[in-house]
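Number 83 in our numbering belongs to position 82 of the sequence shown; there are no gaps in the numbering.
So the structure is just underneath, and the comments pick up after that.
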Amino acid sequence: MTVFINILGILTVLLYVIWGRTLVMVYSLRSRKNNDLQIANSRLTNNVLKTNVAISMTKNEVDKKNYKKSYDLFHKDVNEWKG
2 MTVFINILGI
12 LTVLLYVIWG
22 RTLVMVYSLR
32 SRKNNDLQIA
42 NSRLTNNVLK
52 TNVAISMTKN
62 EVDKKNYKKS
72 YDLFHKDVNE
82 WKG
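Here it is as structure tokens:
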């Protein structure tokens, strides 16, 4: 009878060890997946920021060209007005 109880105890301990290792593996995979998601999210945010900077730089260039055009037109009109 005691041999049966000892075998049952050993099987219980093995079951707990296997279950514990499974939980640790699942947790580590889940945390690695979350880490991968955070990396992908930061890369996406970085790309969005780069795109926004490029758009604002392009907008700035367009604004400069428009200002230059209006400045030239204004002075052309002033020069024509002055005679």
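The beta carbon of each residue, even a glycine, is placed where N, CA and C say it ideally should be.
Only a predicted model underlies this, so the values are computations on that prediction, with no experimental measurement involved.
DSSP, reduced to helix, strand and coil, places M58 within a helical segment of the structure shown. Rounded to whole angstroms, L12 and V49 show a C-alpha spacing of 55 Å. The same chain holds no residue with a CB closer than 7 Å to that of Y28 once the five nearest residues on each side in sequence are set aside. Here DSSP, grouped into helix, strand and coil, assigns M2 to coil.
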